[in-house]
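**Q** First, the structure itself, so that you have it in front of you.
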Amino acid sequence: MPDKEIRLPQLQIPRVVILGGGFAGLKLARKLRSKLVQTVLLDENNFHTFQPLLYQVATAGLEPDSIAYPLRKILKNKKRTHIRMAKILEVKLDEKVVSTNIGDVRYDYLVIATGACTNYFGNKNVEKHALPMKTLTESLDLRSLILQNFEVALNENNLEERDSLMNFVIVGGGPTGVELAGALAELKKHVLPKDFPDLDIRRMEIHLVEAGSQVLPAMSEKSSANAHKYLKSMDINVWTDTFVKDYDGETVKTNREALKSKNLIWAAGVKGNIPNGIPEDALESGRIRVDAYGFLPGYDNVAAIGDVALMKTEAFPIGLPMLGSVAQQQGSYLAEAINSRIKGKPVAPFVYNDQGTMATVGRNKAVVDLGRFRFGGLFAWLTWLFVHLMLLVDFRNRIIVLSNWIWSYVNFDRGTRLIVRKYKRE
Ligand SMILES: Cc1cc2nc3c(=O)[nH]c(=O)nc-3n(C[C@H](O)[C@H](O)[C@H](O)COP(=O)(O)OP(=O)(O)OC[C@H]3O[C@@H](n4cnc5c(N)ncnc54)[C@H](O)[C@@H]3O)c2cc1C
9 MPDKEIRLPQ
19 LQIPRVVILG
29 GGFAGLKLAR
39 KLRSKLVQTV
49 LLDENNFHTF
59 QPLLYQVATA
69 GLEPDSIAYP
79 LRKILKNKKR
89 THIRMAKILE
99 VKLDEKVVST
109 NIGDVRYDYL
119 VIATGACTNY
129 FGNKNVEKHA
139 LPMKTLTESL
149 DLRSLILQNF
159 EVALNENNLE
169 ERDSLMNFVI
179 VGGGPTGVEL
189 AGALAELKKH
199 VLPKDFPDLD
209 IRRMEIHLVE
219 AGSQVLPAMS
229 EKSSANAHKY
239 LKSMDINVWT
249 DTFVKDYDGE
259 TVKTNREALK
269 SKNLIWAAGV
279 KGNIPNGIPE
289 DALESGRIRV
299 DAYGFLPGYD
309 NVAAIGDVAL
319 MKTEAFPIGL
329 PMLGSVAQQQ
339 GSYLAEAINS
349 RIKGKPVAPF
359 VYNDQGTMAT
369 VGRNKAVVDL
379 GRFRFGGLFA
389 WLTWLFVHLM
399 LLVDFRNRII
409 VLSNWIWSYV
419 NFDRGTRLIV
429 RKYKRE
C-alpha cells in the first residue's frame, strides 16, 4: 500500500472527498458550491456508467460507449474539483483519511457513494460459474459469452451439449432479469436465426427463475401480472417460487427441476460496496445505516448516499430502494446540506420524492407504476424509452442511443454483435 498522499492543491476551505462517481456521487459533485468547498472525487473507473441500460450492451443492442461517459468531461467546468482514478482500500474515520491504491487523502467531509455489487448469498459455486451484470465490463463479458456459445454450438455434434450452449437461465425476476430475458427473446426471434442459419434456434430456451411468487415483486400486482403475461407471450419460461440451489457450470439445480445450461446469469441480488474501515455497528442488511440526514451514527462529517446507504423512512421502513432516483435525490440533497452547514444555516432531513418504477420487456411492451397510475403496453414502453433517454448524462449519448433504438426498431436488428475480446472464465 502506498504511504504517500495523493497530490492535490492545499486550499483554506473544507475538503469534501466523494467515494464513487455513480448516480449519487456525481450528482453531489455537480451540486457542491465550489466557492465553499474543495471537492475530490475518487472512482476506480474514469467514467460514469448508466446501469439501467447495461442489459442492452450485454445483448448487443448498444455499444458500451453510449451508456458510459468520462467523469472528467462531465465535471470539466467545475472549479476546485479534482478527479482521481483510484481504488478505495480503507477509510480511517478517526484519522479523517481515505487510503487508496494511489495514496492517501485527508478530508473534512467524507461521502461514501460506492454503490452496490452482486450478492450471491454465499453460494460459492454459483459465484464461480454464473455471470453477473453490474458493471460495463461484466456486460461486455456477457455479450461475448452469448455470442461465443453460439459459435461453439455450431460445431457441436452432441445435441444435448448443443442445446445447453443455447439455453439461458436468468436468476432474479426484478427489472434487470425481466429486461434481460425480454432482450434475449428478441435476439432469438429476430437476429440469431439469420446469424446462425445452420443452428435450429427454435431449440433455444430462456428460463427466468424467481424465488418469490411473482416477477417484478417491487411493482404493483397489475404491473407484475402484465409483465408475466408479456414474458410468456415471448416464449420465456417463467419459474416463480423457484430458487437456485447449486450450479456446476452445466446444470442449474433448483428446488424444482434441474435445468441444463452453460449460461447462468445472476440478477438475483445486490449488496452495498462497503469500504473497509466502516464500524460494524453501522452496517445493516449489507448496507451502511444512515440517519435522516444521510450521516453515519456518531459521525457528523461522514455521510453515505445511494445504493450503499440504508436510510429508513416511515414509507420505507426497511430502507429506501436501490434506485437511480434515490441516489440522485440524495446526491442533490447532501450537496445542499453541506453548502448550508458551511454557511451556518439549518438543514432539514432528506425527503424522498417517489418518481415511480418501470420495466420494459420488449418491443412495445413495458410496465409503469407512477403514483396512482399503473399502465402497460405501447404507452408504457414509450414512457420507458423517453425517461431512460432523458436520464442519460449527455446529449451525445442520447443521440447515439436513440439512433440505435430507431435502427433496431425499424430493422429488427441489433448492430453490435461483436466478440471484441473473448470471454474466458478465470
Ligand atoms: C442492471 C441494472 C439495471 C438497473 N436499472 C435501473 C432502472 O431501470 N431504474 C433505476 O432507477 N435504477 C436502476 N438500477 C439501479 C441504479 O443503477 C442504482 O440504484 C444506482 O446506480 C445507484 O447509484 P450509486 O451512485 O449509489 O452507485 P453506482 O451508480 O453503482 O456508482 C458507484 C460508483 O462507485 C465506484 N466504486 C465502487 N467501489 C469502488 C472502490 N472500491 N473504489 C473506487 N470506486 C469504487 C464505481 O466504479 C461506481 O462508479 C439498475 C442497476 C443495475 C445494475
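Here the sequence shown is numbered in this note's numbering, starting from 9 and rising by one per residue.
Where is the CB? At the ideal position from N, CA and C, for every residue including glycine.
If you scan the stretch 11 to 39 from start to end, which runs of the beta strand (DSSP E) of 3 or more residues do you find wholly inside it?
**A** Correct list: 23 to 27.
**Q** Tell me whether E288 sits in a helix, a strand or coil according to DSSP, three-state version.
**A** Here E288 sits in helix by DSSP.
**Q** Count Cβ pairs between the stretch 273 to 280 and the stretch 121 to 137 that sit closer than 8 Å; are there 3 or more?
**A** These segments touch.
**Q** Counting along the chain, where does the alpha helix (DSSP H) carrying T184 start and finish?
**A** 183 to 194 is the extent of the alpha helix (DSSP H) around T184.
**Q** On the three-state DSSP scale, how would you describe A124?
**A** Three-state result, A124: strand.
**Q** So, is P60 buried or exposed, given that buried needs 16 or more other C-beta atoms within 10 angstroms?
**A** Flag for P60 reads buried.
**Q** How should E168 be labelled, buried or exposed, when 16 other C-beta atoms within 10 angstroms of its C-beta is the threshold for buried?
**A** That one is exposed.
**Q** How about V177 and S42: are their beta carbons less than 8 Å apart?
**A** No. Outside cutoff.
**Q** Grab me the residues of V376's own chain with a C-beta within less than 6 Å of its C-beta, minus the 5 sequence neighbours each way, in chain order.
**A** Here the set comprises M366, F383, A388, T391.
**Q** Could you tell me which residues DSSP pairs with Y117 in its beta bridges?
**A** Y117 is bridged to V24.
**Q** Which runs of the beta strand (DSSP E) fall wholly inside the stretch 141 to 185 and span at least 3 residues, in chain order?
**A** Here the runs fully enclosed are 176 to 179.
**Q** Closer than 7 Å to a non-hydrogen atom of ligand 1 - does that hold for the CB of V355?
**A** No.
**Q** For G185, which option in D203, T57, P140 has the closest C-alpha, if you only look at C-alpha atoms?
**A** When each option's Cα is compared against that of G185, the closest is P140.
**Q** Compute the Euclidean distance between the alpha carbons of H56 and V179, then round it to the nearest angstrom.
**A** Computed Cα separation, rounded: 26 Å.
**Q** Use the C-beta contact count for K87: other C-beta atoms within 10 angstroms, 16 or more gives buried, fewer gives exposed.
**A** Exposed: under 16 other Cβ atoms inside 10 Å.
**Q** Return the residue from the list S333, M330, F358 that minimises the CA-CA distance to A343.
**A** Looking at the Cα atoms, F358 is the closest of the given residues.
**Q** For the putative contact between V119 and L36, defined by C-beta atoms under 8 Å, what is the C-beta separation to the nearest angstrom?
**A** Confirmed, about 6 Å.
**Q** Looking at E71: is its Cβ nearer than 8 Å to the Cβ of T368?
**A** Their beta carbons are not under 8 Å apart, which means E71 does not touch T368 by this criterion.
**Q** Please report how far the alpha carbon of D243 lies from the alpha carbon of G370, in whole angstroms.
**A** Going by the C-alpha atoms only, they are around 12 Å apart.
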